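Student:
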Amino acid sequence: MIEKLGFVLELVGIASAAVSGTMVAIEKKCDAFGVVFLAFITALGGGALRDTMIGYLPPRLFTSYAYILTATIFSLTVFLIALRHHESYHANKEKLDHINNWFDAVGLASFTVAGVDLTIAAVGMEAPLTPILLGLVTGVGGGVLRDVLTGTMPRLLYKRIYALASLAGAVLYYMLLRLGMPGVLGAVLCMALIVALRFFATKYHWNMPHAEP
Amino acid sequence: MIEKLGFVLELVGIASAAVSGTMVAIEKKCDAFGVVFLAFITALGGGALRDTMIGYLPPRLFTSYAYILTATIFSLTVFLIALRHHESYHANKEKLDHINNWFDAVGLASFTVAGVDLTIAAVGMEAPLTPILLGLVTGVGGGVLRDVLTGTMPRLLYKRIYALASLAGAVLYYMLLRLGMPGVLGAVLCMALIVALRFFATKYHWNMPHAEP
Amino acid sequence: MIEKLGFVLELVGIASAAVSGTMVAIEKKCDAFGVVFLAFITALGGGALRDTMIGYLPPRLFTSYAYILTATIFSLTVFLIALRHHESYHANKEKLDHINNWFDAVGLASFTVAGVDLTIAAVGMEAPLTPILLGLVTGVGGGVLRDVLTGTMPRLLYKRIYALASLAGAVLYYMLLRLGMPGVLGAVLCMALIVALRFFATKYHWNMPHAEP
């Protein structure tokens, strides 16, 4: 049951992250293959890291057509839109960043929940540390790999409540499950928390303290 | 049988990638250890990723002297040539790039076939997705790690038919094996396809479409 | 026994690397979460790589509170000092680099020994290649990941006897263990060698040969 919920939410995360990864790749002037490749890394990298860490080998992306097809279809759709309407696509940078931000937040939220679910399916839910940390890894992993591959310092290192939102969501979700709440309800609450944290952090420019003045 | 073929081709890939990785490291002004280290990453990184993904742990590079010695010998030979003849070595940049390109293509081709072979040896050949994707990972993995470590955006993201050549070769090779063709013959055809794709892509500046005008 | 020694030394390495990673993160203007995240990567990344390579899954960092707490406490302490005394903290750049260098050397030394120990605990000590190479991976892995994430070319590629010190220490330690020396004594000798190599390499600007004039 928890594995099925994790699977569905991972597909939601893959679709969102494929859109967001494609938009970054287009901005970085990747070619068609590079766009799909970067979308794959963004969409499938976090789950691959988690599967490796829990010893689920080969990771799902290497055995699941659902994963590969979801990432490919969503990435190619965005790429074709950008290719056909490239003037209007590139005309409105700010709006694009805004859209990207939403897909990114939904991806972060679904991946976090999916990561907790699939880790619990593999190692049980006795020890809180493992599913919470691997929820975080699933949530932020793909974005970090995308940033590393495009030579950007990962945004989670310096900007707004990003990884912290994922971590808070993972902790909340794990606690709700332990309290006996049904997985679907807990997942909705946890995803709402993560998306809300990201939304308010962006809107009100919340930042964590920096040591440099 | 398929594992033995994979082993031999992986050694060919390691030798080629060690040469190519060493030439990049020299250009990046690494010291002697850095050169060998970067050659190791380039030559052994793709196979280590694949072995990790199929749960062949510890990966072969940590247990096989053949892997380590091949990488070390080919890397040190190139480094010593560059050290002794550094004026003539650095005089002819274009020719060096050309040589590097060939080693890179041979490495890509042998690693792709080796990746398919060693994955089939581990998980069987029922499901096409796993050996094909891990052929690609083995083919491009070391180069991506080398690029990431030297702060270069991985070339496969923006330049000419590179990962696509590896993917096409992996698909062809898997299909030939399924059709019952002997491994060695299939490997020769697949490697010829990959090297030819790389050669023509470089010669005629084939590129995939970009979304930016 | 060897596993217990490895555990204790890994904690020493985690504490040292957390301090060093935090200092780098502050310099890179990360926020509070980014600082702790980068300290985690530096302090826990090498061990996570090693555990993955030996098939110890999930890696210790995902199951051990001792690992997580050590990294968090040492990182937050340094961050709070830098936050409270930020004028005097940033006034003396050279002294900070000097302190960082020492923590880095102690981390390199303890991680190398811990890596050899924990690999032997997992795969035995028959084959020298595996524990020696995984001692090196444990020693340098966290620093390489930290450098990659902050967009710096890993220092081990071009600067002074760094990875070589770790490798020499791992070889010495393995040999002493094979000769029957008690682990603790061997560990002290090996760590002294690594720290001394780093100290003299920094003091006398030892460098390996470069191929560029």
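Chains as they are written, first to last, in my numbering: chain A, 1 to 213; chain B, 1001 to 1213; chain C, 2001 to 2213. For every residue, glycine included, the Cβ atom is placed at its ideal position computed from N, Cα and C. Remember, it's a predicted structure, so these values are computed and weren't measured experimentally.
1. Might you give, ordered along the chain, the residues of its own chain that have their beta carbon closer than 6 angstroms to the beta carbon of L1176 of chain B, omitting 5 neighbours on each side?
2. Does any residue of chain B bring its CB to less than 7 angstroms from the CB of H2210 of chain C?
3. Cα separation between T2077 of chain C and G1055 of chain B?
4. Round the Cβ separation of L2005 of chain C and G2183 of chain C to the nearest angstrom and send it over; I've been treating them as touching at under 8 angstroms.
5. For L2049 of chain C, I'd like the list of residues in its chain whose CB is within less than 6 angstroms of its CB, leaving aside the five on either flank, ordered along the chain.
6. I'd like to know whether the C-beta atoms of G21 of chain A and L38 of chain A end up nearer to each other than 7 angstroms.
7. So G1124 of chain B is in the alpha helix (DSSP H); what residue range does that whole segment cover?
8. Please confirm whether S1110 of chain B and G1013 of chain B have their CB atoms less than 7 angstroms apart.
9. Using a Cβ cut-off of 7 angstroms, pull out every chain A residue sitting near A2032 of chain C, in sequence order please.
10. Name, going along the chain, the residues of the region 36–60 of chain A whose beta-carbon falls closer than 8 angstroms to a beta-carbon of chain C.
11. Return helix, strand or coil for H210 of chain A, following the three-state DSSP convention.
12. Checking 7 angstroms against the spacing of the C-beta atoms, do I1161 of chain B and W1206 of chain B come in under that value?
13. Is there at least one Cβ from chain A nearer than 7 angstroms to T2112 of chain C's Cβ?
14. Within 7 angstroms of any Cβ in chain A, is that where the Cβ of P2213 of chain C sits?
15. Could you spell out the range, first to last residue, of the alpha helix (DSSP H) harbouring K2004 of chain C?
16. Counting only runs of 4+ residues fully inside the region 32–72 of chain A, write out the alpha helix (DSSP H) ranges in chain order.
17. Candidates A:S166, A:F33, A:F40 and A:S64: which alpha carbon is nearest F7 of chain A's?
18. Does DSSP classify P1154 of chain B as helix, strand or coil?
19. Taking just the CA atoms, how far does T2119 of chain C sit from G2135 of chain C?
20. Report the rounded CA-to-CA distance for P213 of chain A versus K2095 of chain C, giving the unit in angstroms.
21. Roughly how many angstroms separate the alpha carbons of D1104 of chain B and L1145 of chain B, rounded to a whole number?
22. Anything in chain A within Cβ reach of V2148 of chain C, meaning under 8 angstroms, just list it in chain order.
23. Can you pull out the residues from the region 165–187 of chain A whose beta carbon lies closer than 7 angstroms to at least one beta carbon of chain D?
24. Check each residue of the region 66–84 of chain A: if its Cβ is closer than 8 angstroms to any Cβ of chain B, include it; give the result in chain order.
25. Would you call P2209 of chain C buried or exposed, if buried means 16 or more other Cβ atoms sit within 10 Å of its Cβ?
26. Quick one, are the C-beta atoms of I2 of chain A and A121 of chain A less than 7 angstroms apart?
27. Let's test the definition: count the other Cβ atoms within 10 Å of the Cβ of R2198 of chain C and tell me whether it reaches 16, buried, or not, exposed.
28. For N2092 of chain C, which of helix, strand or coil comes out of DSSP?
29. State the start and end residues of the unbroken alpha helix (DSSP H) segment that holds M2175 of chain C.
30. Any Cβ of chain B within less than 7 angstroms of the Cβ of F7 of chain A?
31. Do you know whose CA, among A:A127, A:F33, A:I99 and A:V116, lies nearest A168 of chain A's CA?
32. Please classify H1086 of chain B: does DSSP put it in a helix, a strand, or coil?
33. Give the residues of chain B in contact with F62 of chain A, contact being defined as C-beta atoms less than 7 angstroms apart.
34. Could you check what DSSP says for C2030 of chain C in three-state terms: helix, strand or coil?
35. What do you get for A127 of chain A, buried or exposed, if any count of 16 or more other CB atoms within 10 angstroms of its CB means buried?
36. Below 7 angstroms between beta carbons: does that hold for A163 of chain A and I132 of chain A?
Tutor: Per the coordinate set shown:
1. G1186
2. yes
3. 39 angstroms
4. 5 angstroms
5. V2137 and G2141
6. yes
7. That residue, G1124 of chain B, is in no alpha helix (DSSP H); it is neither H nor E in DSSP.
8. yes
9. M208 and P209
10. T52, M53, I54 and G55
11. strand
12. yes
13. no
14. Model confidence at P2213 of chain C stands at a pLDDT of 45, short of 50, so the residue's coordinates are unreliable; what they give is reported in the following sentence. It does not: the Cβ of P2213 of chain C has no partner Cβ on chain A nearer than 7 angstroms.
15. I2002 to E2027
16. 32–53
17. A:S64
18. coil
19. 8 angstroms
20. Residue placement at P213 of chain A is poorly supported in this model, since its pLDDT is 46, which falls under 50; the coordinates still yield a value, given next. Their Cα atoms are separated by approximately 20 angstroms.
21. 14 angstroms
22. V148
23. Among the protein chains in the structure shown, which are A, B and C, there is no chain D.
24. I68, F79, A82 and L83
25. exposed
26. yes
27. buried
28. coil
29. A2163 to R2178
30. no
31. A:V116
32. helix
33. M1053, L1129, T1130, L1133 and L1134
34. coil
35. exposed
36. no
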